[in-house]
Amino acid sequence: MSDLRRILKVAARLRNERLVGVRLKVMLPILILFLPGLAWGFSDPSIVLPGGHQPDTAMEVLFYASLGVVFGATMCGVLMAFDGVSKDRASGMLEIRLAQPMPRQHQAAALVLGHAQAILIPVYTLLILTVVVVRFRMGEWPTLTEALVYGLSTGLIVLWYTLFALLASTTAKEQGTAIAFGVGVWFFFTFLWALVTTMVAYASGVAVGEPNDPTWVALEGMLDMLSPNGVYHHLLETQLPTVDRGIAAWQAWSAALLWTVLPWWALHRRMEALVP
Amino acid sequence: MADPLLTFDEVQHRHTVPAPKAWKPWAKRAGAGIHGISLSLYPGQVLGLVGPNGAGKTTLLRMMAGVLPIHSGTVTAPTEDRHSVAVEDLRTWAGHMPEQVRWQGAITVVDMLEQLSDMRGQGHHHLRGLLNLVGLHERAEEPLDNLSQGMRQRLSIAAALLGSPKVLLLDEPFNGLDPVAAEAFAALVRRLAGKGVSIVISSHMVTQLEGLIDRIALLHRGQLLDEGPLADVEKRLALDGRYQLTGPGELDDTAFLRHLDTDVLTTESNETSWSLMVRGDAERVLQACNDHGLSVASWAPVKPNLVEWLCAATGMSLDDISLDVASSAMVPMMAMEAMEDE
């Protein structure tokens, strides 16, 4: 059996186990509410957003509905993966897994792929439903490129949070710490990042929160590269020609690559040093 | 004796322990572990790894299983032309049964074994036979959550036997087993040894290993005190040839045994009965007792227990050995680069 096939087989077993678990059943209503639910609301022909803006293309609606990904799908990714290693450590299973002649880096890859697939399968299913909802409400499909970028970006952000949760899981001695770390990271980037952005802007003498101030927009765009949620929105903005926050598409994709490679590399290192 | 399957030469592993400093709160240093262990594993032989809590039995087994890294020392295996080669990955040699695994979840026994087989890159055709071997064939479709402690132990050994390992490492396998299950387990171990598997069993209960092990390794504070065939080690530590004699009446003096070249280890006597533990030629002792007019009611060889093994091997008294299981007294605390987390 080739290494890749072995990784995929182990990942598939992990995925199937998670897919039929109670946890996903609990999270599914949240995902339905946040993904097609938000798209239903934002695609209302009579909606007027707080800034007086009305989304008028399918991609714009998907962009606004991506809030559901940031709030719901990432959280579910964390909740799905936080005990990926810590539960096995607590039960003694980790020792059995580490004793198998499968390189630890491959075990790490199987862990990542299995958990990411377990959350991405329902997320992608609901994203397809989201696109159908937008088509139904607005009479417009997103272009193929827009749909691909939307799908790929969403897959990446879910993968990043899965990686953060697994990293926490390999570090924590018990599951409480693992979930606290995972949720803490999610909370920081989802809710507190705006505060960080504001503080940096204030310290830099930028007019805070002024949407038409190009300095504020540029600073916010730059700082967003340091947050997975920000990079996610930069990726989506590559398909919105009216939005320009000073970050080129290649820069956004490069940041996405870094946000993928660095935590994955860190997880590999953690797995290599892991003891039961 | 056959060539060893694996030879461990001066192997060492030290755990890392937190050593926070004001400017580096995450700092760690090398702590206790196992030191300079040299031993060989032979095909078809059962090695009993014996020591008190904290002796390093689990650490040594984890290292043998490839779960913990070997910080220094070498592991070699003989080749067909009687040379030896370094072993790169012990995980391909050994099946490991950890001390306590709480198999849990909704997945079934056979699914779990399939998952582990996948990790080994093997097919599933042999799993039914394996479940038969450990007596779990009727529970193959049972969710893990429904298994009793004894069944979990059986599943653990099934997991360790995946891939037909040449070396089987069993960490305190008798824990949680009732006497019937323990006897069945011992029979299974003997069967596997009969097939040429080299087996290492750790235990802090020497009596559990009696009749099961061929060799014994005494471990204390991370160091190997003695190792070899049971009878040889008993002899080296002067724990062989001990007999307990009891009888009615009072024993006033043991001077009549002095000329027999016999050590009188303990004597107890009251108005109604006496008991005597001696080390020497049993028949001559019995004859001397009869000649002295003592009526011997019982006579039995005495097997050493863990405390006696340790006292004999360390030269320490029971008070010296005490309950100090994590003493750093024997562990050199030199600074070492932290190589792992714990």
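Chains as they are written, first to last, in this note's numbering: chain A, 1 to 276; chain B, 277 to 618. The beta-carbon is built from N, C-alpha and C at its ideal position, and this holds for glycine as well.
Proximity test, Cβ basis, 8 Å: residue i and chain B
i, result
"L279/A", "Only positions 1 to 276 of chain A appear in this structure, which leaves residue 279/A out of reach."
"A266/A", "no"
"P263/A", "no"
"Q100/A", "yes"
"G92/A", "yes"
"V275/A", "yes"
"I30/A", "no"
"I247/A", "no"
"R104/A", "no"
"R23/A", "no"
"I179/A", "no"
"R97/A", "yes"
Neighbourhood of residue i by C-beta, 6 Å cutoff - its chain only, sequence neighbours within 5 removed
i, result
"V185/A", "F164"
"M59/A", "P142, E146 and Q239"
"G221/A", "R245, G246 and I247"
"S551/B", "T522 and E544"
"G72/A", "I30, L31 and F34"
"V149/A", "Q239"
Residues bridged to residue i [DSSP beta-bridge criterion]
i, result
"T292/B", "A306/B"
"F284/B", "L315/B and V351/B"
"S474/B", "V443/B"
"W550/B", "G523/B and S545/B"
"W575/B", "L521/B"
"I492/B", "G324/B and G504/B"
"Q499/B", "H496/B"
"A362/B", "T352/B"
"V244/B", "Given that chain B is displayed from residue 277 to residue 618, the structure contains no residue 244/B and the question cannot be resolved."
"M373/B", "L446/B"
"S479/B", "V326/B"
Own chain residues within Cβ distance below 8 Å of residue i, not counting five before or after
i, result
"A458/B", "F450 and Q484"
"R135/A", "A58 and W141"
"Q398/B", "L438 and G439"
"E510/B", "D516 and P580"
"T355/B", "V361"
Alpha-carbon spacing of residue i relative to residue j, whole angstroms
i, j, result
"V465/B", "R497/B", "27 Å"
"A602/B", "L527/B", "Residue placement at A602/B is poorly supported in this model, since its pLDDT is 46, which falls under 50; the coordinates are not used for a value here."
"G342/B", "A99/A", "6 Å"
"L323/B", "A362/B", "22 Å"
"V482/B", "C76/A", "50 Å"
"G525/B", "N546/B", "8 Å"
"T231/A", "H413/B", "For the record, residue 231/A in the displayed sequence is Val; it is not Thr. Taking the straight line from one Cα to the other gives about 52 Å."
"I30/A", "R378/B", "32 Å"
"W264/A", "M225/A", "18 Å"
"P580/B", "R518/B", "9 Å"
"L62/A", "L14/A", "31 Å"
"M610/B", "A306/B", "Interpretation of M610/B is limited by its pLDDT of 40, a score under 50 that renders its predicted location unreliable; the figure taken from the coordinates is listed afterwards. M610/B and A306/B: Cα-Cα distance of roughly 7 Å."
"A194/A", "L420/B", "46 Å"
"D357/B", "A303/B", "47 Å"
"Y318/B", "L582/B", "24 Å"
"L325/B", "V554/B", "27 Å"
"V287/B", "I346/B", "6 Å"
"L4/A", "M199/A", "46 Å"
"H53/A", "A255/A", "29 Å"
"H400/B", "R338/B", "26 Å"
"V386/B", "T368/B", "22 Å"
Contact with chain A by residue i, beta-carbon distance below 8 Å
i, result
"A341/B", "yes"
"D421/B", "no"
"G397/B", "yes"
"D567/B", "no"
"N391/B", "Checking the displayed sequence, the identity of residue 391/B turns out to be Gln instead of Asn. True, the Cβ-Cβ gap to chain A drops below 8 Å."
"A435/B", "yes"
"L464/B", "no"
"D394/B", "yes"
"A602/B", "Annotation note: pLDDT 46 at A602/B (below 50); position unreliable, coordinate value reported separately. No, no contact with chain A."
Contacting residues, own chain, Cβ-Cβ under 7 Å from residue i (five flanking each side not counted)
i, result
"L270/A", "Residue identity check: residue 270/A is Arg in the sequence provided, not Leu. Once the five neighbours on either side are set aside, the close Cβ partners of R270/A are L167, T170 and T171."
"A564/B", "F532, L533 and L536"
"Q117/A", "A11 and R15"
Chain-ordered residues of the stretch 359 to 385 of chain B with a beta carbon less than 7 Å from chain A = Answer set for the stretch 359 to 385 of chain B: D365, R367, T368, H372, P374, Q376, V377, R378, Q380 and I383.
Using Cβ-Cβ distances below 8 Å, what residues of the stretch 48 to 61 of chain A are close to chain B?
-> Those residues of the stretch 48 to 61 of chain A that come within reach of chain B (Cβ to Cβ, closer than 8 Å) do not exist; the list is empty.
Of all the residues that make up the stretch 4 to 20 of chain A, which are near chain B by a beta-carbon distance shorter than 7 Å?
-> Listed by position along the chain: R6, K9, V10, R13 and E17.
Check distances from the C-beta atoms of the stretch 317 to 346 of chain B to those of chain A and list, in chain order, the residues that come in under 8 Å.
-> So the close ones are R338, A341, G342, V343 and L344.
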